[in-house]
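Notes to accompany the following structure.
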Amino acid sequence: MEDRMQQEQTSPAVQKRVQDSFDQQGLMSHLGARLAHIGPGRAHIVLPARPEVTQQHGYIHAGATSAFADSAGGYAALTLFDEDSEVLTVEYKINLLAPAAGDHLEAIGTVLKPGRTLTVCQLEVYGVQADGARKLIANGQQTLIRVNRPAA
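With this note's numbering applied, the sequence shown corresponds to residues 1 to 152, in that order.
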């Protein structure tokens with residue numbers, strides 16, 4: 001069941017709306033992050049390991065790890081709302097379980113409980129090696145609020 005959920009895609013309209021929103025995020029662009037998967041209630045973001053996102057020991061900085069995990073949850077929630085909606089993070093907590101090392105990191109946001117106003121998401125971040133080996137390096141939980149899209 002988990003494999004099917006990971007592969008399930010949203011409609012082309014939702015994919016475009018989520019990708020367009022992601023492309024407007026200066027921080028994600030600055031970090032070098034990219035959307036890797038958009039499914040109903042699920043989003044994956046990949047962050048390449050680069051010197052610009054590391055801390056003094058060479059691991060990817062906790063701030064970068066937290067920021068792109070937050071975005072993964074936000075986009076997971078956005079997939080479930082209509083085109084007149086946006087989401088904002090109300091709060092999140094992240095546990096850093098291991099040093100953020102690997103060829104790249106992958107953040108997975110999964111909606112646990114969608115709501116009319118508040119939505120709760122699970123956040124997972126994996127360190128991925130060049131050979132595909134994966135290690136859970138962070139996990140967390142997030143609450144988002146649905147807001148109306150501002151008038152253009």
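Ideal Cβ positions, reconstructed from N, Cα and C, are used throughout, including at glycine.
Close Cβ partners of residue i (< 6 Å) along its chain, the five nearest in sequence each way excluded
i, result
"residue 91", "143"
Neighbourhood of residue i by C-beta distance below 7 Å, restricted to the same chain and skipping five residues each side
i, result
"residue 149", "84, 85 and 86"
"residue 76", "41, 42, 43, 109, 110, 111 and 121"
"residue 95", "138, 139 and 140"
Straight-line Cα distance separating residue j from residue i
i, j, result
"residue 100", "residue 9", "28 Å"
"residue 41", "residue 80", "6 Å"
"residue 63", "residue 118", "24 Å"
"residue 97", "residue 14", "33 Å"
"residue 146", "residue 33", "24 Å"
"residue 71", "residue 131", "26 Å"
"residue 26", "residue 93", "22 Å"
"residue 214", "residue 20", "Residue 214 lies beyond the range of the chain shown here (1 to 152); nothing can be said about it."
"residue 78", "residue 151", "18 Å"
Pair within 8 Å by beta-carbon distance, residue i and residue j
i, j, result
"residue 102", "residue 128", "yes"
"residue 112", "residue 122", "yes"
"residue 45", "residue 53", "no"
"residue 120", "residue 141", "yes"
"residue 36", "residue 68", "no"
"residue 104", "residue 47", "yes"
Start and end residues, alpha helix (DSSP H) containing residue i
i, result
"residue 66", "62–78"
"residue 26", "26–31"
"residue 19", "12–23"
Cβ neighbours of residue i in the same chain (closer than 8 Å, five flanking residues each side left out)
i, result
"residue 57", "99"
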